[in-house]
Structure formats: structure tokens, C-alpha cells
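The structure appears below as C-alpha cells.
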Amino acid sequence: MRIAQLAPLFERVPPVGYGGTERVVSYLTEALVAMGHEVTLFASADSLTSAELVPCAPEALRLSRSALDPVALHLLEAEMLLRRAGDFDLVHNHVDYLYLPFARRCARPALTTLHGRLDYECLAAVLREYREQWVVSISHAQRAPLPRLRWAGTVHHGLPRDLYEFQATPGRYLAFLGRISPEKRVDRAIEIAARSGLPLKIAAKVDPADAAYFRDVIRPLLDHPLVEFIGEVTDRDKGALLGGAAALLFPIDWPEPFGIAMIEALACGTPVIAWRHGSVPEVIEHGVSGFLCEDLVSAVHAVHKLDALDRADCRRAFESRFTAERMARDYLDVYADVVESSTAGGPVARLAS
């Protein structure tokens with residue numbers, strides 16, 4: 000199959016440090032190429048891929064020192080893809096609603112994976128306008144605000160099988176991985192560590208939008224003697240951090256669409272202690288690959304029950320459910336359905352007319 004992957008330009012594919020969507024695009028692209036498919040990746044020029052790369056920005060935007068307009072560059076990226084649409088059997092869009100006006104003009108079927116939360120009213124209005132377009136959810140929970148979109152399927156994220164090594168014997172510390180923001184609740188992670196008496200290593204980025212929150216709310220908490228703030232980490236450092244942790248703390252306070260940090264931890268054999276929000280119950284099996292919690296008391300209790308879990312079970316959960324190969328196979332099934340429906344004048348073609 001000839002597939003175009005349209006990636007966001009904020010991070011390199013794959014990202015140098017933090018980055019969710021671009022990381023998933025990289026894993027999917029490489030798995031599809033390894034399976035023998037002809038993949039063209041539209042991404043920033045500094046991206047690394049075995050697919051054909053079409054550079055759409057001189058470098059990833061978030062770490063660039065140049066004043067680059069992200070909306071303008073993403074619109075140009077969409078136009079570049081549109082000019083080559085005839086080269087592909089299907090366009091897989093990862094830049095959210097920005098490509099949808101172009102999808103209506105595209106000579107080839109398009110599929111959009113929605114990578115973010117969907118409970119914003121303004122977003123709902125846009126997606127309803129383009130309700131003839133095929134969309135994919137990254138968890139069943141993600142769909143809840145907009146159940147009537149044209150859902151082609153749900154495809155959970157996956158990682159390369161050998162990206163992280165299984166570590167059977169962890170260290171005696173807890174880990175937090177992600178970004179510093181109110182909904183990620185690193186303050187809860189610090190409180191859990193303080194109550195349980197275990198050190199906490201925090202590997203997280205701070206976006207400009209969250210700089211004031213970090214300065215006013217989180218930075219004062221980092222003075223606790225059990226807390227170590229590391230900042231952003233590479234994949235190599237991430238593997239060592241997660242593999243050495245007794246558990247990953249995932250104390251979110253929002254409807255998390257997926258949470259790739261959870262499966263990164265499972266790949267290392269590290270269980271996850273998480274709040275029961277959004278996709279979390281789809282990823283973590285309570286009492287097997289981690290513990291699902293409702294409050295700080297149950298989270299601290301979970302820390303003291305970690306010895307009851309088998310880290311090999313966590314790795315097995317990753318290998319059976321969250322590899323990049325499985326993700327690619329699932330997407331190929333969805334691709335085939337979308338292409339067949341479009342070619343046969345199925346639901347997509349009828350609604351668009």
C-alpha cells in the first residue's frame with residue numbers, strides 16, 4: 000500500500016526529547032516500511048526515517064531559534080501533500096483538524112487519528128462540520144464526548160518491541176514522566192512519594208504555557224529531600240529511568256486520551272500507579288500491570304503493594320498489546336476498510352457528495 004503520513008511539525012520525527020504524536024508517527028511509519036509498504040512522511044527536515052521524507056519545515060518548531068509560524072507551515076505542509084495526493088492510496092493525517100479542509104479537496108481517501116482530548120466545545124464544532132471524514136480514536140474513552148463522528152476504529156499506541164529492555168530488579172524509587180501541567184498532577188506524585196517515603200525522580204518538560212504554573216506551584220515542591228527534578232530525557236535515559244523505578248506514577252486529573260508513558264513503563268517491566276481517568280483502565284490491568292487509584296490514600300497503599308506484582312507480567316502485557324507491529328497491523332486493517340469504502344462509493348463518498 001502507498002501511504003502518506005502527515006506529521007505535526009512541532010517536534011522532529013522521532014522527537015529528541017518529549018513528544019507524543021510525533022513519536023507515534025515515527026513508530027508507525029517504521030513498522031509499515033518494515034512490513035514492505037511504500038510510506039512517504041511529511042514532517043520537519045530534521046526528521047529521521049526509513050520512509051521517503053518530504054521536508055515541510057527547516058527544523059522542528061518547538062526547539063527552533065527561528066521565528067517560524069506554526070499555522071502557516073502546517074498549511075503549506077497540507078498543500079504539499081495535496082499536490083502529491085495521486086501518488087498515494089491513502090493519506091493518514093496526524094495534524095488534527097488542520098488537514099480536514101484539504102481532505103475534502105483530496106483525490107485520495109484520508110484518515111485522521113485524533114491524538115488529543117475531545118471535550119472542548121470549539122473542537123466539537125469543527126469536527127462535526129467535517130463529520131464525513133474518517134477518524135480514529137487512540138482509546139475507546141477518548142470518543143465519549145463525540146460518539147457520533149465517523150469512527151473507523153480505535154487503535155491503541157504501540158512501541159518498537161526492542162526499544163526498551165526489561166529490567167527484572169528495580170531500584171527503590173518512583174518515577175514521573177511527561178510534562179509539567181495542572182492536569183498531569185506532578186504535585187500529587189510528590190505527595191505520594193512524601194507519604195510513602197520513597198524518592199521520586201521527575202523527568203518532564205515545561206512548556207511556555209505552563210511556565211507560571213511551574214514557577215508558582217511546582218518549583219517550591221521540588222525542594223523536598225525525596226524529589227529529584229531531571230527535566231526532559233532522551234529515549235536512552237528514559238529506559239534507564241523507567242526500568243530502574245519501582246513504579247511509574249501517573250496521577251492524572253483529566254480524560255487522558257492514551258498516555259504513552261504508561262506503555263513505555265510496561266515495556267521496561269515497570270508497573271504503573273495511576274488515577275482511573277480516561278484511557279487508563281484500557282491500558283493498565285489492576286493488580287497485574289499496576290494499580291488503579293481514586294485518591295492519595297489508595298495510591299500510597301498501592302506503593303506498599305508493589306512487591307505483589309510480577310514485573311514479567313508488565314512486560315508480557317506490553318508485548319501482547321502495545322507493540323508497534325500490532326499498532327501497524329491494526330492501522331492496515333482500518334486503511335483497507337477506508338480505501339474499500341471510498342473506492343466502492345461507500346459511506347464516505349456518499350456523505351461527501
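Residues 0 to 352, numbered by numbering that gives the first Met the number 0, are exactly what the sequence shown covers, in order.
Cβ atoms here follow ideal geometry from the backbone N, Cα and C, with glycine treated the same way.
Small disclaimer: the values here were computed from a predicted structure and weren't measured.
Problem - Nearest to I189 (by Cα), restricted to the options R83, S278, P219 - result: Position 190 of the sequence shown holds residue 189. Closest by alpha carbon: P219.
Practice task
State the beta-bridge partners of L158 as determined by DSSP.
Solution key: Your numbering for residue 158 matches position 159 in the sequence shown. Paired residue(s): T322.
Practice task
Have a look at R354 and F165 and give me their C-alpha separation to the nearest angstrom.
Solution key: As displayed, the chain neither begins before 0 nor continues past 352, which places residue 354 out of reach and without an answer.
Exercise for the section: Can you tell me which of the three DSSP states V364 falls into? Expected result: Nothing in the structure corresponds to residue 364, since the chain is present only between 0 and 352.
Practice task
Using the Cα positions of Y212 and R22, report the straight-line distance between them to the nearest angstrom.
Solution key: On the sequence shown, position 213 is the one that residue 212 refers to. On the sequence shown, position 23 is the one that residue 22 refers to. Near 26 Å, if we compare the C-alpha coordinates of R22 and Y212.
Handout entry: Closest by C-alpha distance to A140, when choosing among A6, R160, R275, T20
Key = Residue mapping note: residue 140 aligns to position 141 of the sequence shown, counting from 1. Ranking the options by Cα distance to A140, first place goes to R275.
Practice task
With distances taken Cα to Cα, identify the nearest neighbour of S63 among A44, L248, V279.
Solution key: In the sequence shown, counting from the first residue as 1, residue 63 sits at position 64. The candidate whose alpha carbon is nearest that of S63 is A44.
Handout entry: Cβ contact check for the segment 169-178 and the segment 240-251: 3 or more pairs under 8 Å
Key = yes
Handout entry: Inter-residue Cα distance where the pair is E339 and L89
Key = Counted from its first residue, the sequence shown places residue 339 at position 340. Counted from its first residue, the sequence shown places residue 89 at position 90. One C-alpha to the other measures close to 11 Å.
Problem - Contact under 9 Å by Cβ, L305 with A246 - result: Taking the first residue of the sequence shown as position 1, residue 305 is located at position 306. Taking the first residue of the sequence shown as position 1, residue 246 is located at position 247. Against a cut-off of 9 Å, the Cβ pair of A246 and L305 comes out as a contact.
Handout entry: 8 Å Cβ shell around E58 - same chain, five flanking residues per side excluded
Key = The residue you call residue 58 lines up with position 59 of the sequence shown. So the list reads R11, S43, A44, D45, S65, once near-sequence residues are dropped.
Problem - C-alpha distance - H114 paired with E263, whole-angstrom precision - result: If you number the sequence shown from 1, residue 114 lands on position 115. If you number the sequence shown from 1, residue 263 lands on position 264. Cα-Cα distance, rounded: 17 Å.
Practice task
Compute the distance between the beta-carbons of D336 and G152, then report whether it is under 9 Å.
Solution key: Within the sequence shown, residue 336 is the residue found at index 337, counting from 1. Within the sequence shown, residue 152 is the residue found at index 153, counting from 1. In this structure, G152 lies closer than 9 Å to D336 by Cβ.
Handout entry: Between the CA atoms of E76 and L295 - distance to the nearest angstrom
Key = Walking along the sequence shown from the start, residue 295 turns up at place 296. Walking along the sequence shown from the start, residue 76 turns up at place 77. If I take the Cα positions, the gap works out to 45 Å.
Exercise for the section: Could you check what DSSP says for P54 in three-state terms: helix, strand or coil? Expected result: As a first step, residue 54 must be located in the sequence shown, where it is residue number 55. It is a strand residue.
Problem - Touch test, the segment 197-206 against the segment 214-233, Cβ-Cβ under 8 Å, three pairs minimum - result: yes
Handout entry: Own chain partners of F257 with C-beta closer than 6 Å, once the 5 adjacent residues on each side are dropped
Key = Reading the sequence shown from its first residue, position 258 is the one you call residue 257. Around F257: I137, S138, H156, S278.
Exercise for the section: Return helix, strand or coil for T153, following the three-state DSSP convention. Expected result: For the purposes of this step, residue 153 is identified with residue 154 of the sequence shown, where counting begins at 1. The answer is strand: DSSP assigns T153 an E or B state.
Practice task
Measure the C-alpha to C-alpha separation of Y98 and A106 and round it to an integer number of angstroms.
Solution key: For this step, residue 98 is matched to residue 99 along the sequence shown. For this step, residue 106 is matched to residue 107 along the sequence shown. Looking at the two C-alpha atoms, the distance is approximately 14 Å.
Practice task
For R214, count neighbouring Cβ atoms within 10 angstroms of its own Cβ and tell me buried if that reaches 16, exposed if not.
Solution key: Numbered from 1 along the sequence shown, position 215 holds the residue referred to as residue 214. Burial call: exposed.
Problem - Outcome for Y17 when other beta-carbon atoms lying within 10 angstroms are tallied against a minimum of 16 - result: Within the sequence shown, numbered from 1, the residue matching residue 17 stands at position 18. When all chains shown are included, Y17 counts as buried.
Handout entry: Same chain, Cβ closer than 6 Å to V282, neighbours up to 5 away in sequence not counted
Key = Counting from one through the sequence shown, the residue named residue 282 turns up at place 283. Contacts found: M261.
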